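Enquirer: Chains as they are written, first to last, in the working numbering: chain A, 2 to 275; chain B, 2 to 275. Glycine included, every Cβ here is placed at the ideal spot set by N, Cα and C. Note that the coordinates shown come from a computational prediction; the quantities given were computed from them, not determined experimentally. Take a look at the following structure, please.
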């Protein structure tokens, strides 16, 4: 999917919500566990309940890989079930030497037809570049992540000049463009969004960390939005595990609707002139 | 596997060789492609031909994931086929927020019973810690990688003090110990091994980059070895793709034997008094 289509979808749905399919088998409602593929059945119901409210789905690959080849099948079936209009993100945080990253790119872009993959920057240019060689596919590069451990290395300043996350964002933009790269910027650092936006004015940011991790949608949007929205805000557990019983999908819809309505109002204020 | 057993195996076999099972389907000998699971059949023959010469096997997960659920099955079968005496490394370069890293740890340590997983440090402590909570299992943390892109961020100095790879190694040792963490140190930086060894005197280093990537076994060993060896030197393509025909396994054995003999001689010189 290209940037124009993504923005069109955001405008149509008045939403920049991404639903994270972190479908942890230990938290899936019990009545689904009897079915042949509980993870897929869970995802199917979550997708049916939220697809008009969100523009993207993001399965975190760990929750599938944990079940070996069977989990991989659940992932393939889930991806096939997501409507074509949605932007799909393989949250895999991959990154390896060139010939290996190329294989990961093939796995997610050709074998499975995801629109994007999250990639870790530690190994530098040749670990990222193979993912950039596919038309209308995207790298979503870790920049400033939402977790506590983001303080360990990402803020370390480089030669007294810039913190590591900034160096990553600046350098990566010399390899890519806003049509094939986004950055992961965690909502748990809302005070940083003005600066993050100035470092990459035209890029989309994938923003995890609202909901269970405590980030703030209003602040992130106020400072992070650009005139093509430029944000995909993710909620995983806050939506998919909003309910625990047989009516879990209704609870998921209610949680997604609340965020979508908040987003609609923010979009109206921000993009009124565009 | 614990450190004592690993060292015993090194002494018995006079080898610190790790064979990388980067079993790229496009390079597997043609006569195997007719079989039901060519990747597994290839690995099986490589393992039979090299198991007395190496102490570890390291499948790079990308080469399996590229084939979806079928690739995952090849990986599971391969792992089951590796003799118990060998140290097994899932070269996955994972790392995510805590609850997600925990799932990856379960996938590789419980679902599949690997001895170790390679982990990327970018997301900091809570992305690494879940992997450290399994008895006799190991994190192999990326420190100074063997690829060209290692120059992009890993050498950036931190507050004028230390480069990022050094900060990673020092900080990670406050979370772990030499019985549950190793570091990836690329053989393409042989001039750094004296310093790397001084930063982590007792830790094992997993050393990729000899063979196809051009690293130097002698130099790496001279400066990197400690009195419990402390090195696992990996060769992937240089061994597994040494031959292309029906006799590929014999060529793989010859390539592995050459390295093992070189290692035997180095070990004899270095560990004569231990």
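Going by alpha carbons, who is nearest to residue 62/A out of 57/B, 105/B, 261/B and 181/B?
Expert: Measuring from the Cα of residue 62/A, the nearest candidate turns out to be 105/B.
Enquirer: Please state whether the Cβ-Cβ distance between residue 50/B and residue 250/B is less than 8 Å.
Expert: Taking 8 Å as the Cβ cut-off, residue 50/B and residue 250/B qualify as a contacting pair.
Enquirer: Can you round the beta-carbon distance between residue 110/B and residue 138/B to whole angstroms, since I take them to be within the 8 Å contact cut?
Expert: Indeed, because the Cβ distance is near 5 Å, the residues count as touching under 8 Å.
Enquirer: Would the beta-carbon of residue 232/A fall within 8 Å of that of residue 185/A?
Expert: Taking 8 Å as the Cβ cut-off, residue 232/A and residue 185/A do not qualify as a contacting pair.
Enquirer: For the pair the region 185-200 of chain A and the region 163-176 of chain B, tell me if three or more CB-CB distances fall below 8 Å.
Expert: Taking 8 Å as the limit for Cβ pairs, the verdict is that the region 163-176 of chain B does not touch the region 185-200 of chain A.
Enquirer: If we cut at 8 Å on Cβ distances, does residue 193/A have a partner in chain B?
Expert: Output row for residue 193/A: interface = no.
Enquirer: Suppose only complete runs of 3+ residues qualify. What are the beta strand (DSSP E) ranges in the region 91-160 of chain B, listed by chain order?
Expert: Counting whole runs of 3 or more residues, the region 91-160 of chain B contains the beta strand (DSSP E) stretches 117-120 and 139-145.
Enquirer: Identify whether residue 57/A lies in helix, strand or coil by the three-state DSSP scheme.
Expert: Looking at residue 57/A - three-state DSSP - the assignment turns out to be strand.
Enquirer: Rounded to whole angstroms, what is the Cα-Cα separation between residue 131/B and residue 158/B?
Expert: Their backbone Cα atoms lie some 28 Å apart in a straight line.
Enquirer: Using a Cβ cut-off of 8 Å (strictly closer), state whether residue 104/A contacts chain B.
Expert: Chain B contact via Cβ: present.
Enquirer: Assuming residue 144/B contacts residue 174/B under a Cβ cut-off of 8 Å, what Cβ separation, rounded to an integer in Å, is found between them?
Expert: Actually they do not touch by this definition, with Cβ atoms about 11 Å apart.
Enquirer: Give the interface partners of residue 95/A over in chain B, defined as CB-CB distance under 8 Å, in chain order.
Expert: Here the neighbours are 63 and 94.
Enquirer: Could you tell me whether the Cβ of residue 121/B comes closer than 8 Å to any Cβ of chain A?
Expert: It does: the Cβ of residue 121/B has a partner Cβ on chain A nearer than 8 Å.
Enquirer: Let me confirm a value: residue 18/B is counted as buried when at least 16 other C-beta atoms fall within 10 Å, else exposed. Which label applies?
Expert: Label assigned to residue 18/B: buried.
Enquirer: Using the C-alpha atoms, what's the distance from residue 238/A back to residue 252/A?
Expert: Straight-line Cα distance between these residues: approximately 12 Å.
Enquirer: DSSP three-state call for residue 44/B: helix, strand or coil?
Expert: Residue 44/B: helix per DSSP, three-state reduction.
Enquirer: Beta-carbon of residue 260/A versus every beta-carbon of chain B: anything under 8 Å?
Expert: By this cut-off, residue 260/A is not an interface position.
Enquirer: Short check: CB of residue 43/A to CB of residue 33/A, under 8 Å?
Expert: It is a contact, given that the beta carbons lie within the stated cut-off.
Enquirer: With 8 Å as the limit, tell me which residues of the region 166-188 of chain B have their beta carbon closer than that to any beta carbon of chain A; keep them in chain order.
Expert: Going along the region 166-188 of chain B in chain order, one finds 168, 169 and 172 with a Cβ nearer than 8 Å to chain A.
Enquirer: Indicate whether residue 98/B and residue 128/B have their beta-carbon atoms separated by less than 8 Å.
Expert: Cβ atoms of residue 98/B and residue 128/B: closer than 8 Å.
Enquirer: Report yes or no: do three or more beta-carbon pairs, one from the region 264-272 of chain B and one from the region 72-88 of chain B, lie closer than 8 Å?
Expert: No, because fewer than three Cβ pairs between the region 264-272 of chain B and the region 72-88 of chain B fall closer than 8 Å, the two stretches do not touch.
Enquirer: Ignore the nearest five residues each way along the sequence and tell me which others in residue 7/B's own chain have a CB closer than 6 Å to its CB.
Expert: Cβ within range, chain order: 88.
Enquirer: Which value, in whole angstroms, describes the spacing of the CA atoms of residue 12/A and residue 261/A?
Expert: Looking at the two C-alpha atoms, the distance is approximately 12 Å.
Enquirer: For the region 142-154 of chain B, list every residue whose C-beta sits within 8 Å of some C-beta in chain A, in sequence order.
Expert: Cβ contacts with chain A: 143, 146, 147, 148, 149, 150, 151, 152, 153 and 154.
Enquirer: If we define contact as Cβ-Cβ less than 8 Å, is residue 73/B a contact residue for chain A?
Expert: Answer yes: the Cβ-Cβ gap between residue 73/B and chain A drops below 8 Å somewhere.
Enquirer: Tell me which residues share the same chain as residue 198/A and place their Cβ nearer than 7 Å to its Cβ, disregarding the 5 neighbours each side in the sequence.
Expert: Contacts found: 224, 225 and 227.
Enquirer: Run the CB neighbour count on residue 121/B, radius 10 Å, all protein chains shown included, and call it buried at 16 or more, exposed below.
Expert: Buried: at least 16 other Cβ atoms inside 10 Å.
Enquirer: Any beta-carbon of chain B closer than 8 Å to the one on residue 77/A?
Expert: Answer yes: the Cβ-Cβ gap between residue 77/A and chain B drops below 8 Å somewhere.
Enquirer: Report the neighbours of residue 107/A on chain B: residues whose CB is nearer than 7 Å to its CB, in chain order.
Expert: The answer, in chain order, is 67.
Enquirer: By alpha-carbon positions, which one of 102/B, 15/B, 180/B and 24/B ends up nearest to residue 73/B?
Expert: Residue 24/B is the option with its Cα nearest to residue 73/B.
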